[in-house]
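Below: one structure, written as structure tokens.
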Amino acid sequence: MYKKAIKFHKAGKYLAIIFLITVIILSIIDYIKEQQEKEEILKNQAFTVGEIIEVGHMSIASHYLVYTYKVNNKIFEKHQPADDLPCLSFNNDKNCIGLKYWVMYSKINPEKSVLLYARFLYDNYHLKALKEIKPLFVNNPPKTGRVIELLFFGASVNAK
Numbered sequence: 003m004y005k006k007a008i009k010f011h012k013a014g015k016y017l018a019i020i021f022l023i024t025v026i027i028l029s030i031i032d033y034i035k036e037q038q039e040k041e042e043i044l045k046n047q048a049f050t051v052g053e054i055i056e057v058g059h060m061s062i063a064s065h066y067l068v069y070t071y072k073v074n075n076k077i078f079e080k081h082q083p084a085d086d087l088p089c090l091s092f093n094n095d096k097n098c099i100g101l102k103y104w105v106m107y108s109k110i111n112p113e114k115s116v117l118l119y120a121r122f123l124y125d126n127y128h129l130k131a132l133k134e135i136k137p138l139f140v141n142n143p144p145k146t147g148r149v150i151e152l153l154f155f156g157a158s159v160n161a162k
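Right, dumping it as structure tokens:
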């Protein structure tokens with residue numbers, strides 16, 4: 003009986019090691035995919051305006067957002083972590099719905115994109131951030147050519 007318990011304990015130990023190795027490998031693969039997507043977006047960058055359509059919780063302290071954006075008359079929808087989204091509050095995520103921010107996407111694969119709602123995202127993508135990140139005009143977003151000027155020359159964008 004004692005030998006069976008030892009065998010079971012060893013088997014459990016091996017299963018835990020295999021599980022841990024699997025989680026590490028999957029995390030590395032996910033990280034590599036994220037880096038490849040980021041590189042493609044940077045290499046083939048274009049800008050448009052995106053709108054937040056949903057905000058939710060992944061865990062107690064972790065949020066995600068869903069946003070849409072339009073490229074060549076095609077509407078795309080994407081999910082993104084959103085822990086630092088300025089409009090989030092403890093019990094009310096509705097403040098974020100409908101807000102518009104710049105979206106940087108790949109010209110080659112427009113489904114690869116990032117919603118630029120916070121300064122750290124501008125830093126991650128090596129962009130000059132505006133002095134203050136605010137939602138864009140809701141009714142009258144600037145034309146795409148103006149996006150480049152706003153991003154790289156720091157012109158102010160006021161929220162409405």
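Just add 2 to the spot in the sequence shown (first one is 1) and you have our numbering.
Glycine included, every Cβ here is placed at the ideal spot set by N, Cα and C.
- Note on geometry: alpha-carbon atoms of K45 and G52 lie some 20 angstroms from one another.
- Of the residues assessed, K35 falls on the exposed side of the cut-off, its CB having fewer than 16 other CB atoms within 10 angstroms.
- By a beta-carbon distance limit of 8 angstroms, I54 does not contact S115. Their separation comes to about 13 angstroms.
- By the Cβ criterion, the segment 58–70 is not in contact with the segment 19–28, since fewer than three pairs of Cβ atoms, one from each stretch, lie closer than 8 angstroms.
- DSSP places Y119 in the coil class of the three-state scheme, outside both helix and strand.
- The alpha carbon of P88 has as its nearest neighbour, out of N74, Y119, H59 and N126, the alpha carbon of Y119.
- Here Y103 is buried, its C-beta having at least 16 other C-beta atoms within 10 Å.
- In the three-state reduction of the DSSP assignment, E36 falls in the helix class.
- Residue pairing by DSSP places Y69 opposite I54 and K80 in a beta bridge.
- The beta carbon of L90 lies closer than 8 angstroms to those of V57, H65, A84, N97 and C98 in the same chain, with the five residues before and after it left out.
- F122 is a Cβ neighbour of D86, given a cutoff of 8 angstroms.
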